[in-house]
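Here's the structure we're looking at; comments come further down.
Number of protein chains: 2
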Amino acid sequence: MNDSTPSPDAALVSLAVSTVVFALRADSEGESASLRLPLVRRIREPFNGRWALPGGPIDPTEGIERAAGRHLFDTTALSPTYLEQLYAFGGIDRSPSDRVVSIVYWALVRSEEAELAAVGENVRWFAADDLPPLAFDHNAIVEYALWRLRTKVEYSRIAHAFLGEIFTLTELRHVHEAVLRRALDPANFRRQMESSPAVIATGEHLSGGRHRPPRLYRYNGSVELTDRGPLSP
Amino acid sequence: MNDSTPSPDAALVSLAVSTVVFALRADSEGESASLRLPLVRRIREPFNGRWALPGGPIDPTEGIERAAGRHLFDTTALSPTYLEQLYAFGGIDRSPSDRVVSIVYWALVRSEEAELAAVGENVRWFAADDLPPLAFDHNAIVEYALWRLRTKVEYSRIAHAFLGEIFTLTELRHVHEAVLRRALDPANFRRQMESSPAVIATGEHLSGGRHRPPRLYRYNGSVELTDRGPLSP
DNA sequence: CGCTGTTAGAGTCTAAAAGACCCTTACTAG
DNA sequence: CTAGTAAGGGTCTTTTAGACTCTAACAGCG
Numbered sequence: 004m005n006d007s008t009p010s011p012d013a014a015l016v017s018l019a020v021s022t023v024v025f026a027l028r029a030d031s032e033g034e035s036a037s038l039r040l041p042l043v044r045r046i047r048e049p050f051n052g053r054w055a056l057p058g059g060p061i062d063p064t065e066g067i068e069r070a071a072g073r074h075l076f077d078t079t080a081l082s083p084t085y086l087e088q089l090y091a092f093g094g095i096d097r098s099p100s101d102r103v104v105s106i107v108y109w110a111l112v113r114s115e116e117a118e119l120a121a122v123g124e125n126v127r128w129f130a131a132d133d134l135p136p137l138a139f140d141h142n143a144i145v146e147y148a149l150w151r152l153r154t155k156v157e158y159s160r161i162a163h164a165f166l167g168e169i170f171t172l173t174e175l176r177h178v179h180e181a182v183l184r185r186a187l188d189p190a191n192f193r194r195q196m197e198s199s200p201a202v203i204a205t206g207e208h209l210s211g212g213r214h215r216p217p218r219l220y221r222y223n224g225s226v227e228l229t230d231r232g233p234l235s236p
Numbered sequence: 004m005n006d007s008t009p010s011p012d013a014a015l016v017s018l019a020v021s022t023v024v025f026a027l028r029a030d031s032e033g034e035s036a037s038l039r040l041p042l043v044r045r046i047r048e049p050f051n052g053r054w055a056l057p058g059g060p061i062d063p064t065e066g067i068e069r070a071a072g073r074h075l076f077d078t079t080a081l082s083p084t085y086l087e088q089l090y091a092f093g094g095i096d097r098s099p100s101d102r103v104v105s106i107v108y109w110a111l112v113r114s115e116e117a118e119l120a121a122v123g124e125n126v127r128w129f130a131a132d133d134l135p136p137l138a139f140d141h142n143a144i145v146e147y148a149l150w151r152l153r154t155k156v157e158y159s160r161i162a163h164a165f166l167g168e169i170f171t172l173t174e175l176r177h178v179h180e181a182v183l184r185r186a187l188d189p190a191n192f193r194r195q196m197e198s199s200p201a202v203i204a205t206g207e208h209l210s211g212g213r214h215r216p217p218r219l220y221r222y223n224g225s226v227e228l229t230d231r232g233p234l235s236p
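Okay, here's the thing in structure tokens:
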């Protein structure tokens, strides 16, 4: 009747985690970057051979967020800079065979990090808005994760998770533009960022460029990232 | 390595649902309404005797949202007008005995509905911001649900879930005021609501009051409720 | 009947924010 | 030195939130 009432049927519902990982990667030859995500090819039924989100079962000795990170690292060698719970999917007909409840996370990785990701026969990157038919309900899950990313980038400071510690405002703007798929006015973007306490000018400049050297910024670690869930530090 | 990979350990992690239910109830004698929620007294270890959120295990034949609604109805006889997933809690030390992952929902019920709720020795209503120490991590869960409600009432149309089909703008404003715990300017509130497509004047007036008869409004069912999760209609 | 108290609801003014657009600055490449 | 280009400062307009004011429409009461 309440939490922690183990029932004999519990074993009939299996519990898994999956992660939607976004990275910003330059289109081949094209200038602008676009959102890409790594998928894993399934090597067993159901959906044998189809691409799916990285994930797997939860170990009884680890928290679910750790489980998501572990499966992600095991299959793709990625360790994201941002990881947040997305949703728990528990429809009865998600899987044609057994009953699976999936707790899905979404994550952001830096571009350099994404380069290092294991890629092979069974792991590949896909453009986030042009996916093949995936296993289970994973297409819908990616859609929802995309919606969350696009909504959240407008009011939260998550965009910096795509970048390194230090960045220019133009780089940050390019991240926003790639996520939102529209151009932003450089002057207004600058004004907004500088009025926010989340972004701090380091005082340094980036030298070596072809043009006027831009200021370098870093994120203010003491600014709370709203809505990281109830368990945030 | 992926979804639906049943492992022998799966049975060691049990899966449950719980629900944070909010209703708006008038304080005894006091004028203003306040947020209240029903809790259930635990009748077994761990936390025997403590109050906890209504919930229970997931039946393999039902979806998780249905499971939440079913447990809620079984213990409190409530059927909410609004039900949305809140978060999945899966820390390893949530329960001192076994390992439980809880998928928690939050719900809103109308005041009349709340009156009908089963109340007894083991089911009681508590003021949402003045709770006793609850079982498990349920205090933190309620805190998070309160935060979500207060955040969401500002940009979504969920407030009407506390009211009936037809309501006056003053009633709707009282709901917002109770949730946000601050007074709102009647004129500005009216302007905001009338500029939004979510609220529609019926043309009718509420007669029989002591003063100028207020207009009656209803919610526009065709307006999407944003962020009801990926599985919304 | 008209006065009064009270709530409904319209209107005004200001401050803050978002967006469109322009202009100056500072570098590199030739 | 000049041209090209991105950085970054500024202005103007539109939109929006909020504080505040004023009129409308009832019931109850003398």
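Chains as they are written, first to last, in the numbering used here: chain A, 4 to 236; chain B, 4 to 236. C-beta: ideal position from N, C-alpha, C; glycine also. It should be emphasised that the depicted structure is a prediction, and the values quoted were computed from it without experimental measurement.
Problem - N- and C-terminal bounds of the beta strand (DSSP E) containing B/G206 - result: In the second sequence, counting from the first residue as 1, residue 206 of chain B sits at position 203. Annotation: the continuous beta strand (DSSP E) that includes B/G206 extends over V202 to H208.
Problem - Helix, strand or coil at B/S17 [DSSP, three-state] - result: Start at 1 with the first residue of the second sequence, and residue 17 of chain B comes out as number 14. Here B/S17 sits in strand by DSSP.
Problem - Three-state secondary structure (DSSP) of B/A148 - result: Residue 148 of chain B sits at position 145 when you count from the first residue of the second sequence. In this structure, DSSP gives B/A148 a helical state, which the three-state scheme calls helix.
Practice task
Count the other C-beta atoms from every protein chain shown that fall within 10 angstroms of the C-beta of A/L119, then say buried if there are 16 or more, exposed otherwise.
Solution key: Your numbering for residue 119 of chain A matches position 116 in the first sequence. A residue is called buried once 16 or more other Cβ atoms fall within 10 Å of its Cβ, and A/L119, having fewer, is exposed.
Practice task
Pair every Cβ in the region 149 to 165 of chain B with every Cβ in the region 52 to 68 of chain B, then say whether three or more of these pairs are closer than 8 Å.
Solution key: Judged by Cβ distances under 8 Å, the region 149 to 165 of chain B makes no contact with the region 52 to 68 of chain B, as fewer than three pairs qualify.
Exercise for the section: Apply the 10 Å Cβ neighbour rule to A/V226 and answer buried if 16 or more other Cβ atoms are within range, or exposed otherwise. Expected result: If you number the first sequence from 1, residue 226 of chain A lands on position 223. Exposed, by the Cβ-count rule.
Problem - Neighbourhood of A/T8 by C-beta distance below 7 Å, restricted to the same chain and skipping five residues each side - result: The residue you call residue 8 of chain A lines up with position 5 of the first sequence. The predicted model places A/T8 with a pLDDT of 46, which falls under 50 and marks its position as unreliable, so this point remains unresolved.
Handout entry: A/G55 versus A/F92, A/D133 and A/L137, residue with shortest Cα-Cα distance
Key = For the purposes of this step, residue 55 of chain A is taken as residue 52 along the first sequence, with counting starting at 1. The sequence given here places Ala at residue 55 of chain A; Gly does not occur at that position. Checking every option, the nearest Cα to that of A/A55 belongs to A/L137.
Handout entry: Residue interval of the alpha helix (DSSP H) (run including B/A80)
Key = In the second sequence, counting from the first residue as 1, residue 80 of chain B sits at position 77. No alpha helix (DSSP H) holds B/A80; DSSP gives it neither H nor E.
Exercise for the section: Using 7 Å as the cut-off, classify the Cβ of A/W54 as near or not near the heavy atoms of the ligand ADP, replying yes or no. Expected result: As far as ligands go, the structure on display features none, and thus does not contain the ligand ADP.
Handout entry: A/A29 versus A/Y90 - alpha carbon distance
Key = Taking the first sequence and counting its residues from 1, one reaches residue 29 of chain A at position 26. Taking the first sequence and counting its residues from 1, one reaches residue 90 of chain A at position 87. Computed Cα separation, rounded: 29 Å.
Handout entry: Close-in-space but distant-in-sequence residues of the same chain around B/I106 (CB under 6 Å, 5 per side omitted)
Key = By 1-based counting over the second sequence, the position of residue 106 of chain B is 103. Within the same chain, B/I106 has close Cβ partners V20, I67 and A91.
Problem - Inside the region 153 to 227 of chain B only - beta strand (DSSP E) runs reaching at least 3 residues - result: Within the region 153 to 227 of chain B, the complete beta strand (DSSP E) runs of at least 3 residues are 202 to 208 and 218 to 222.
Problem - Simplified DSSP state of A/L27, which is helix, strand or coil - result: Translated into the one-based positions of the first sequence, residue 27 of chain A becomes position 24. A/L27 falls in the strand class under three-state DSSP.
Problem - Reduced DSSP category for B/E87 - H, G, I as helix; E, B as strand; rest coil - result: Numbered from 1 along the second sequence, position 84 holds the residue referred to as residue 87 of chain B. Strand.
Problem - In DSSP terms, what A/T22 is bridged to - result: To locate residue 22 of chain A, count along the first sequence from 1; it is residue 19. A/Y108, per the DSSP bridge assignment.
Handout entry: Proximity test, Cβ basis, 8 Å: B/T205 and chain A
Key = Here residue 205 of chain B refers to the residue found at position 202 of the second sequence. B/T205 does not count as touching chain A.
Handout entry: Neighbouring residues, chain A, relative to B/Y147 (Cβ below 7 Å)
Key = Sequence index remark: in the second sequence, residue 147 of chain B carries index 144 (1-based). Residues of chain A whose Cβ lies closer than 7 Å to the Cβ of B/Y147 are, in chain order, P233.
Exercise for the section: Identify which residue in A/A80, A/P57 and A/I46 has its Cα closest to the Cα of A/V145. Expected result: Along the first sequence, one-based indexing puts residue 145 of chain A at 142. The shortest Cα separation from A/V145 among A/A80, A/P57 and A/I46 belongs to A/P57.
Practice task
Taking 8 Å as the threshold, find out whether the region 107 to 116 of chain B comes into contact with the region 154 to 165 of chain B through three or more Cβ pairs.
Solution key: In short, these stretches touch, since the Cβ pair count reaches three.
Handout entry: Three-state class that DSSP yields for A/G72 in the structure shown
Key = As a working mapping, residue 72 of chain A is identified with position 69 in the first sequence. Helix at A/G72.
Handout entry: 8 Å Cβ cutoff, B/I95 in contact with chain A
Key = Along the second sequence, read from residue 1 onward, the residue named residue 95 of chain B stands at position 92. Answer yes: the Cβ-Cβ gap between B/I95 and chain A drops below 8 Å somewhere.
Exercise for the section: Can you grab the Cα-Cα spacing for the pair A/F192 / A/A201, in whole Å? Expected result: If you number the first sequence from 1, residue 192 of chain A lands on position 189. If you number the first sequence from 1, residue 201 of chain A lands on position 198. Rounded to whole angstroms, A/F192 and A/A201 show a C-alpha spacing of 14 Å.
Handout entry: Contact list for the region 50 to 67 of chain A against chain B, Cβ threshold 9 Å
Key = Within the region 50 to 67 of chain A, the qualifying residues are F50, A55, L56, P57, G58, G59, P60, I61, D62, P63, T64, E65, G66 and I67.
Problem - Listed by chain order, chain A residues near B/W102 by CB distance under 7 Å - result: Position 99 of the second sequence holds residue 102 of chain B. First, the amino acid is wrong: residue 102 of chain B is Arg here, not Trp. Identification of chain A residues near B/R102 by a Cβ-Cβ cut-off of 7 Å yields P63, ordered along the chain.
Handout entry: Inter-residue spacing [alpha-carbon to alpha-carbon] between A/L42 and B/R53
Key = Position 39 of the first sequence, counted from the start, is the residue given in the question as residue 42 of chain A. Position 50 of the second sequence, counted from the start, is the residue given in the question as residue 53 of chain B. Computed Cα separation, rounded: 45 Å.
Exercise for the section: Find the nearest neighbour of A/L27 within the set A/A190, A/L209 and A/E174, judged by alpha-carbon distance. Expected result: Within the first sequence, the letter at position 24 stands for residue 27 of chain A. Minimum Cα distance to A/L27 is reached at A/E174.
Handout entry: B/I239 vs B/L219 beta-carbon contact at 8 Å
Key = This structure leaves residue 239 of chain B out entirely; chain B is present only between 4 and 236.
Exercise for the section: Using 10 angstroms around the beta-carbon of B/S210, count the other beta-carbons present and answer buried if the total reaches 16, otherwise exposed. Expected result: As a first step, residue 210 of chain B is located in the second sequence; it is residue number 207 there, counting from the start. Classification of B/S210: exposed, given that the 10 Å Cβ count is below 16.
Practice task
Could you check what DSSP says for B/S114 in three-state terms: helix, strand or coil?
Solution key: Reading the second sequence from its first residue, position 111 is the one you call residue 114 of chain B. Assignment of B/S114 by DSSP, reduced to helix, strand and coil, places it in the helix class.
Handout entry: Member of B/T84, B/I46, B/Y108 and B/L38 whose CA lies at the smallest distance from the CA of B/V250
Key = There is no way to answer for residue 250 of chain B, as the model of chain B reaches only from 4 to 236.
Handout entry: Residues that B/V112 contacts on chain A, provided the C-beta gap is smaller than 7 Å
Key = As a working mapping, residue 112 of chain B is identified with position 109 in the second sequence. What B/V112 touches in chain A: nothing, since even the nearest Cβ is about 20 Å away.
Problem - B/P236, DSSP secondary structure in three states - result: In the second sequence, residue 236 of chain B corresponds to position 233, counting from 1. Its pLDDT being 48, under 50, B/P236 is placed unreliably by the model, and the measurement read from it follows with that caveat. If DSSP states are grouped into helix, strand and coil, B/P236 belongs with coil.
Practice task
Please name the residue in A/E124, A/W109 and A/R184 whose C-alpha comes closest to that of A/L40.
Solution key: Along the first sequence, one-based indexing puts residue 40 of chain A at 37. That would be A/W109, whose Cα lies nearest to the Cα of A/L40.
Practice task
On a CA-only basis, which of B/Y158, B/G93, B/D132 and B/E157 is nearest B/D140? Give me that one, please.
Solution key: To locate residue 140 of chain B, count along the second sequence from 1; it is residue 137. Answer by Cα proximity: B/G93.
Problem - Minimum Cβ-Cβ distance from B/I237 to chain A less than 8 Å - result: Given that chain B is displayed from residue 4 to residue 236, the structure contains no residue 237 of chain B and the question cannot be resolved.
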